[in-house]
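Numbering (UniProt numbering), first residue to last: 1 to 147.
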């Protein structure tokens, strides 16, 4: 976002850049180095109030001295790739369709394996005994139900 402001401000190279005040609130341990690197990378110079560069003010300068950062770009060693949003959405749609097909194939495979398992279980001694015992129980129920 800050880089967009720098890009915008450079349209008026002779414009004065307002001083930026660095306060302790955004000088937390996990943010201090990142914050200072961002501002100095954009060409701002600071007069610090302390030795740890936690607080201070940027020096006066012209917009022409600002530096548009590009280190964030993948081709410059960064970790961000600029993508066309339409292309990205189309890729997501294709990936989603592919995953749906894969899921359907896996469901079919699971059903097939379950059928094979059922057939295999029915041919085991345990399966035969299970079916036979059900038949015997039904038979006994018929006999003793009438008594």
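For glycine and all other residues, C-beta sits at the position ideal for the given N, C-alpha and C.
{"Asked": "With 16 other Cβ atoms within 10 Å as the buried cut-off, status of residue 133", "Found": "exposed"}
{"Asked": "Interface flag, residue 75 vs chain B, CB-CB below 7 angstroms", "Found": "In the displayed structure, chain B is absent; only one protein chain is listed."}
{"Asked": "In DSSP terms, what residue 56 is bridged to", "Found": "22 and 48"}
{"Asked": "Residue 106, DSSP secondary structure in three states", "Found": "helix"}
{"Asked": "Element boundaries [alpha helix (DSSP H), containing residue 140]", "Found": "125 to 145"}
{"Asked": "Buried or exposed by the 16-neighbour rule on C-beta atoms within 10 Å, applied to residue 58", "Found": "buried"}
{"Asked": "Alpha helix (DSSP H) segment containing residue 5, residue limits", "Found": "2 to 9"}
{"Asked": "Helix, strand or coil at residue 93 according to DSSP, with G and I counted as helix", "Found": "helix"}
{"Asked": "Beta-carbon spacing of residue 65, residue 43 below 7 angstroms", "Found": "yes"}
{"Asked": "Bridge partner(s) assigned by DSSP for residue 73", "Found": "80"}
{"Asked": "Alpha-carbon spacing of residue 45 relative to residue 73, whole angstroms", "Found": "24 angstroms"}
{"Asked": "Cβ-based neighbour list, residue 70, same chain, cut-off 7 angstroms, excluding 5 preceding and 5 following", "Found": "76"}
{"Asked": "DSSP three-state assignment for residue 30, whether helix, strand or coil", "Found": "coil"}
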